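**Student:**
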């Protein structure tokens with residue numbers, strides 16, 4: 001009887017683990033798909049020659065931010081809309097703005113930051129922006145947007 005209980009317990013735990021992995025894999029599939037299509041569009045539009053990484057950015061409009069190198073060897077970020085409209089692609093040279101570390105140092109002067117959750121380069125009305133998501137000292141969610149071109153503050157959403 002004891003062996004049966006051990007077997008059933010191990011089986012249920014194993015089954016739960018397999019189902020959890022499958023659910024996470026299936027949930028991630030649409031993001032992988034749109035990112036792969038955006039990377040291919042950036043290459044086909046000749047905005048980039050080599051792609052290094054990409055991720056989805058959701059602001060007023062959703063974009064896939066694709067990082068890479070163009071045909072001249074310049075590092076770029078290309079913002080491909082999730083509707084994959086080639087005419088709406090935006091791009092910036094990474095040397096023309098502040099880096100992720102510089103944006104983080106501008107942001108860190110703000111104070112009351114407990115933990116930075118993520119940083120993403122995205123595209124909004126004023127152009128390219130660094131979106132920084134963090135928890136403050138009271139465990140409240142906050143968003144800060146810093147302009148890519150000069151490091152000025154654009155928008156803050158606090159205490160969610």
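Numbering (UniProt numbering), first residue to last: 1 to 160. All residues carry an ideal CB built from backbone N, CA and C; glycine is no exception. Note that the coordinates shown come from a computational prediction; the quantities given were computed from them, not determined experimentally.
1. Work out the CA separation of residue 139 and residue 17 for me, nearest whole Å.
2. Where does residue 142 sit, in a helix, a strand or coil, going by DSSP?
3. Keeping to the same chain, check which residues put their C-beta closer than 6 Å to that of residue 158; ignore five residues upstream and five downstream.
4. Would you report the Cα separation of residue 130 and residue 105, rounded to the nearest angstrom?
5. Considering only C-alpha positions, which residue in the set 58, 64, 93, 61 is nearest to residue 72?
6. Are the Cβ atoms of residue 65 and residue 123 separated by less than 9 Å?
**Tutor:** The answer reads as follows:
1. Numbered from 1 along the chain shown, position 17 holds the residue referred to as residue 17. Numbered from 1 along the chain shown, position 139 holds the residue referred to as residue 139. Their Cα atoms are separated by approximately 30 Å.
2. Working through the chain shown from its first residue, we reach residue 142 at position 142. In this structure, residue 142 counts as strand in the three-state DSSP scheme.
3. For the purposes of this step, residue 158 is taken as residue 158 along the chain shown, with counting starting at 1. If we look at residue 158 and ignore the five residues flanking it on each side, its Cβ neighbours are 142.
4. In the chain shown, the residue the question calls residue 130 occupies position 130. In the chain shown, the residue the question calls residue 105 occupies position 105. Each residue's alpha carbon lies about 12 Å from the other.
5. If you number the chain shown from 1, residue 72 lands on position 72. Checked all of 58, 64, 93, 61; the closest Cα to residue 72 is 93.
6. Residue mapping note: residue 65 aligns to position 65 of the chain shown, counting from 1. Residue mapping note: residue 123 aligns to position 123 of the chain shown, counting from 1. In this structure, residue 65 lies near residue 123, with their beta-carbon atoms less than 9 Å apart.
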